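Visitor: Residue numbers (our numbering): 2 to 42. Virtual Cβ for every residue (Gly too), placed ideally from N, Cα, C. This one's a predicted model, so the numbers in the text were calculated from it and none came from an experiment. Can you keep this structure in mind? I'll have questions shortly.
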């Protein structure tokens, strides 16, 4: 198994948004930013 990368995280954020789970998407983005990831979606 490989560690998740930016593509994986972008897919997850997109799915949260499409399922109208916006609070979870925002929280996930904040968590990623704190780990040094910058989304590009």
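Any idea if residue 14 is buried or exposed, counting beta-carbon neighbours within 10 angstroms, 16 or more meaning buried?
Guide: Buried, since its Cβ has 16 or more Cβ neighbours within 10 Å.
Visitor: Suppose the cutoff is 8 angstroms on Cβ atoms and the five residues either side in sequence are ignored; what does the same chain contact list for residue 23 look like?
Guide: Cβ neighbours of residue 23 beyond the five flanking positions: 17.
Visitor: Which full runs of the beta strand (DSSP E) of 3+ residues lie inside the stretch 6 to 38, going along the chain?
Guide: Runs found: none.
Visitor: Tell me, to the nearest whole angstrom, how far the beta carbon of residue 38 is from that of residue 7; I am working on the premise that it is less than 8 angstroms.
Guide: With a Cβ gap of about 6 angstroms, residue 38 and residue 7 count as contacting.
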